[in-house]
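In full-length UniProt numbering, the protein residues as written are 1 to 348.
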């Protein structure tokens, strides 16, 4: 099958990580695969390096974030030249820039809870995938559009397990774009500040990721009297995360809005205990409390209470093995790709 994925950018992030894994797996299953990158200068060399050499990279070279008619013409010419049997969009907003002929073989994945940009024209696209039941339900409620639930997949066999730090400290990690109105990192910091006030001083918190909230989160760190306990490690590639997640004692995902939570699945594969916020994708990933703990979304005190339980060693130790098994059975990229390929073929 000849498959062309179309994406705005190819940088570090949940969508791009997922796309890299899926494209590599589709090629491994003897499909011809291309990725068409719309925006100029947004192809991260580290991401490109980790793509299978058989994945074709096409570039429309649009001026970033601009209406660029020549770039849209180039995009359609590149599609025509590639001659895909399947076009897979990773943003519904791309649909309006396709010529009518290209629209007939379109699929799209909704990678987050609904907002105006990511659902623009989605009702016109024949086949819509959602990365979680939470996203599918949100799409149905807000746009009345049916979707096929196909959870994002990871490569659990590449993720290290079993290694813990020997420095005696309880190490907490959070992996996300630093975007606190959505990802909720300030909630974790305030919860840890509360724990420090209760007399807990044998923990550290590492944030892996970059983004616009860095300076704000540093100010929350200072206000919460956590200087020296909190480290902002910046953006790291997938290999770094796969190698180092296992060194932590607890992974916390405090998201306020989150459609899935790829890094939650990665932590589960690394056999790291997980704590997530309620009401959306991450809670679904951990089986609604079957293999991890949940705190009330946005509730600093509840978050602190759950972390305190881990600090005191009072958590259910069986959750780690249950989480590991759940990832292999549900969130394996081989399963994700199989579902895509089966559904591409339907209706062709």
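Yeah, the Cβ is synthetic: ideal placement off N, Cα and C, and Gly gets one too.
Here residue 65 has no same chain residue with a Cβ atom under 7 Å from its own Cβ, once five neighbours each way along the sequence are excluded.
Beta-carbon to beta-carbon, residue 260 and residue 159 are separated by about 17 Å, too far to satisfy the 8 Å threshold.
Residue 178 is not a Cβ neighbour of residue 228, given a cutoff of 7 Å. Leaving aside the five residues that flank residue 207 on each side, the residues in its chain whose CB is nearer than 6 Å to its CB run, in chain order, 174 and 232. By the neighbour-count criterion, in which 16 or more other beta carbons inside 10 Å mark a residue as buried, residue 99 falls on the exposed side. Residue pairing by DSSP places residue 62 opposite 39 in a beta bridge. In this structure, residue 266 sits away from residue 276, with a CB-CB distance that is not shorter than 7 Å.
Listed as beta-bridge partners of residue 232 by DSSP are 207. Shown here, residue 281 sits in a helix according to DSSP, grouped into three states.
A Cβ-Cβ distance of about 6 Å is found for the pair residue 203 and residue 172, placing them in contact under the 8 Å criterion.
Rounded to the nearest whole angstrom, the CA to CA distance from residue 200 to residue 148 is 45 Å.
Here residue 274 is near residue 251, since their CB atoms are less than 7 Å apart.
The straight-line gap separating the alpha-carbon atoms of residue 117 and residue 6 is approximately 16 Å. A distance below 7 Å between beta-carbons, with the five flanking residues on each side excluded, links residue 336 to the following residues of its chain, in chain order: 22, 150, 151, 152 and 153. Between the alpha carbons of residue 33 and residue 82 lies a gap of roughly 10 Å. Shown here, residue 323 sits in a helix according to DSSP, grouped into three states. The Cβ atoms of residue 101 and residue 139 lie no closer than 7 Å to each other. Fewer than three beta-carbon pairs drawn from the stretch 309 to 327 and the stretch 87 to 96 are found closer than 8 Å, and the two stretches are therefore not classed as touching. With a threshold of 16 other beta carbon atoms within 10 Å, residue 126 falls short and is exposed. Here the alpha carbons of residue 224 and residue 294 stand approximately 23 Å from one another. Excluding the 5 residues flanking it on each side, residue 94 has same chain C-beta neighbours closer than 6 Å at 6, in chain order.
For residue 285 and residue 113, the gap between their C-alpha atoms comes out near 15 Å. Beta-bridge partners of residue 127 (DSSP): 107. Collapsing the DSSP output to three states places residue 189 in a helix. Here residue 304 carries a helix assignment [DSSP, helix/strand/coil]. DSSP, reduced to helix, strand and coil, places residue 32 within a strand of the structure shown. When DSSP states are grouped into helix, strand and coil, residue 290 belongs to the coil group.
Just so you know, the alpha carbons of residue 1 and residue 128 end up roughly 19 Å apart. Around residue 269, the same chain offers 154, 156, 159, 324 and 327 as residues with beta carbons nearer than 7 Å, after the five sequence neighbours per side are excluded.
Residue state for residue 274 is assigned as strand, using DSSP reduced to three classes. Residue 264 sits away from residue 280, with the two beta carbons spaced by 7 Å or more. With a cutoff of 7 Å on beta-carbon distance, residue 35 and residue 62 are scored as not near each other.
Per DSSP, residue 154 is not a residue of any alpha helix (DSSP H), being assigned neither H nor E. Following the DSSP letters along the chain, one finds residue 252 inside the beta strand (DSSP E) bounded by residues 250 to 253. When the five nearest sequence neighbours on each side are left out, the beta carbons in the same chain lying within less than 7 Å of the beta carbon of residue 216 are those of 180, in order along the chain.
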